[in-house]
Structure formats: structure tokens, C-alpha cells
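Structure first, commentary second.
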Amino acid sequence: MGPHTAATGDAAGAASSEWSSDPDSPTATLSRDVPGASPVIPGHVSIAPRALQRVGSAIVAEALRVSHHDVRVDAHDDEGRLALRVATPLTIPRLDAATEAPVGGVIGTVRSLQETVTRRINEIAGRAVSRVDVTITGSQLEKKEELR
């Protein structure tokens, strides 16, 4: 092995000299901790707060079946985790519809939304969420074509 090459083990523990440990080497470093992981590329990745707000708005709008234009999401850092403030209308079933109210009513719907936003932000943006504060700004009736 050369001066810039580190031995890495495969699943059986056999040494391989394909990857370099030198960050200046044209060959990227392979993560040893994750089997089948992609090469680790040096650098910093940041996601602008506005992008996180838009992702959050899309998640809320989809979950509650409201227009993303009616949803406001503010994102800020909370000691390394993401804190979100959501303001959104809530879609409610039509009174003449043969549908049941969501389990837990409005509070149950908001709790479910908090869980969905937390999970989806982590899946999409890779950010841990510390809190999701939700303010319901109004209500709108479910459209007839949305009824199931």
C-alpha cells in the first residue's frame, strides 16, 4: 500500500486497498461503518431556512389537504435541531357527508400532523426536529371530490 492508502475491510474482514484515507486524494474515502455505503465526499452541506420552510409547507398542505398558499411555516435553529412554527387552516368533513370525524378531533389531527412533519422533514432534509408548534388559522370544508 502507498503512503496515502488505508486498508479497509470487507464484510469478511479481508483487507482492500481501493480507497484512500487522504482527503486530497482523487479517490474518495469509503465509510467503514455502513455496509454498501457510498463514498464519503469531503465538504459541507447546508439547507437554507427558506427551503426548509417550503418543504414544511408542502408536507403540511399534503397532510391536511389544503392549499400550500394557505400554509405558513417558519423554521429556526433550536440548539442544533429544527424548530418549526406552522400556521394553517384545517380541512373538516362536510356536515352532509357520511364520514366520521378524525380520531381525537382537531387535537388528534394536529398531533398526527406534528408526527408527520417531524418524520417527513427528517426523511427529506435529514434534519432532526425538536418541536412543531401548530396554530390553526381557520377551517375549510372538504371538497366533494375529496370524500372517500
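Under this note's numbering, the first residue of the sequence shown carries the number 1, and numbering increases by one thereafter.
All residues carry an ideal CB built from backbone N, CA and C; glycine is no exception.
All values reported here derive from a predicted model rather than from experimental measurement.
{"Item": "Tell me which same chain residues have a C-beta within less than 6 Å of the C-beta of Asp74, skipping the five on either side of it?", "Value": "Arg85"}
{"Item": "Nearest-angstrom Cα distance between Val129 and Arg81?", "Value": "5 Å"}
{"Item": "Please classify Ile121: is it buried, with 16 or more other beta-carbons within 10 angstroms of its beta-carbon, or exposed?", "Value": "buried"}
{"Item": "May I ask you to report which of helix, strand or coil DSSP gives His76?", "Value": "strand"}
{"Item": "Skipping 5 residues on each side, what residues in its chain have a beta carbon closer than 6 Å to that of Val71?", "Value": "Ser57, Val60, Ala61, Thr88"}
{"Item": "Using the Cα positions of Ser139 and His68, report the straight-line distance between them to the nearest angstrom.", "Value": "14 Å"}
{"Item": "Measure the C-alpha to C-alpha separation of Leu141 and Val45 and round it to an integer number of angstroms.", "Value": "41 Å"}
{"Item": "Is the beta carbon of Gln114 sitting closer than 8 Å to the one on Val103?", "Value": "no"}
{"Item": "Going by C-alpha distance, which of Ile136, His76, Pro42 is nearest Ala51?", "Value": "His76"}
{"Item": "Any idea what DSSP makes of Ser57, helix, strand or coil?", "Value": "helix"}
{"Item": "Quick one: using the 10 Å Cβ neighbour count with 16 as the cut-off for buried, is Leu64 buried or exposed?", "Value": "buried"}
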